[in-house]
Amino acid sequence: MKVVGFAGFSGAGKTTLIEQLIPALRQDGQRVSVVKHAHHRFDIDHPGKDSFRHRAAGAFEVLVASDQRLALLREFEQPQQRTVHQLLAELDEGVDWVFVEGYKWSDLPKIEVWRPAQPGEPERAVLYPHDMFVVAVATNAPERLPEPTLRPVLPLDAPEQVAQWLRAQAKRFDYDPARHLSGIPQS
Numbered sequence: 025m026k027v028v029g030f031a032g033f034s035g036a037g038k039t040t041l042i043e044q045l046i047p048a049l050r051q052d053g054q055r056v057s058v059v060k061h062a063h064h065r066f067d068i069d070h071p072g073k074d075s076f077r078h079r080a081a082g083a084f085e086v087l088v089a090s091d092q093r094l095a096l097l098r099e100f101e102q103p104q105q106r107t108v109h110q111l112l113a114e115l116d117e118g119v120d121w122v123f124v125e126g127y128k129w130s131d132l133p134k135i136e137v138w139r140p141a142q143p144g145e146p147e148r149a150v151l152y153p154h155d156m157f158v159v160a161v162a163t164n165a166p167e168r169l170p171e172p173t174l175r176p177v178l179p180l181d182a183p184e185q186v187a188q189w190l191r192a193q194a195k196r197f198d199y200d201p202a203r204h205l206s207g208i209p210q211s
């Protein structure tokens with residue numbers, strides 16, 4: 025599997041870019057999964073549904089499955105922060121690509137998504153000058169990047185070009201959990 029992070033501050037366009045890249049890679053027959061970090065308590069289940077009732081009754085896990093999808097809900101007895109690598113281990117091994125959104129400080133190779141601030145907004149910080157895991161910057165305003173970079177600058181508003189770059193750089197995103205967990209840097 026190939027794993028690429030999408031980093032950037034809120035409102036930069038990470039979700040939109042990922043949403044556009046998924047069908048671009050799927051048209052090549054690629055299977056794409058997404059790992060998304062949620063900062064707040066969230067729920068995908070609704071009161072009144074059987075699965076919600078089982079969870080509310082105290083089930084540690086509730087697996088809901090049909091002939092078209094599967095969802096696993098797991099309640100943590102104590103709050104815990106799972107690493108992105110622990111979450112990647114939960115995914116189907118047959119997936120071709122995994123897009124990771126919301127693990128800004130992870131040690132995964134990532135594309136920084138950056139937009140300049142709108143008039144009246146504070147200037148938006150960038151990660152790439154200080155984060156060696158940022159391998160490219162996707163922006164709609166390359167001329168306004170706060171610091172020069174030698175990294176590739178990708179057109180945020182042209183997702184097919186970003187997808188082409190991912191295809192061309194695919195080897196760089198190969199994920200090897202054993203190698204990663206050993207502390208050997210990924211090239």
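In this note's numbering, the protein residues as written are 25 to 211.
The beta carbon of each residue, even a glycine, is placed where N, CA and C say it ideally should be.
Item                                                                                                                                                                         : Value
For residue 165, which residues in the same chain have their Cβ closer than 6 angstroms to its Cβ, ignoring the five residues on either side in sequence?                    : 140
Just reading off the alpha helix (DSSP H) that residue 47 is part of, what are its end residues?                                                                             : 38-50
I'd like the span of the beta strand (DSSP E) that includes residue 123, first residue to last.                                                                              : 121-125
Give the range of the alpha helix (DSSP H) segment to which residue 183 is assigned.                                                                                         : 183-192
Starting from residue 128, follow its DSSP beta bridges and name the residues at the other end.                                                                              : Residue 128 pairs with nothing; no bridge assigned.
On a Cα-Cα basis, can you pick out the residue from 81, 98, 80 that is closest to residue 87?                                                                                : 98
Per DSSP, what kind of secondary structure is residue 245 in: helix, strand or coil?                                                                                         : In the structure displayed, the chain extends from 25 to 211; residue 245 sits before or after that span and is not available.
Buried or exposed, going by whether 16 or more other CB atoms sit within 10 Å of the CB of residue 167?                                                                      : exposed
Helix, strand or coil: how does DSSP classify residue 74 here?                                                                                                               : helix
For residue 125, which residues of its own chain have a beta-carbon under 8 angstroms away from its beta-carbon, when the five flanking residues on both sides are left out? : 29, 30, 38, 39, 42, 58, 59, 60, 61
Alpha carbon to alpha carbon, what distance is there between residue 123 and residue 32?                                                                                     : 14 angstroms
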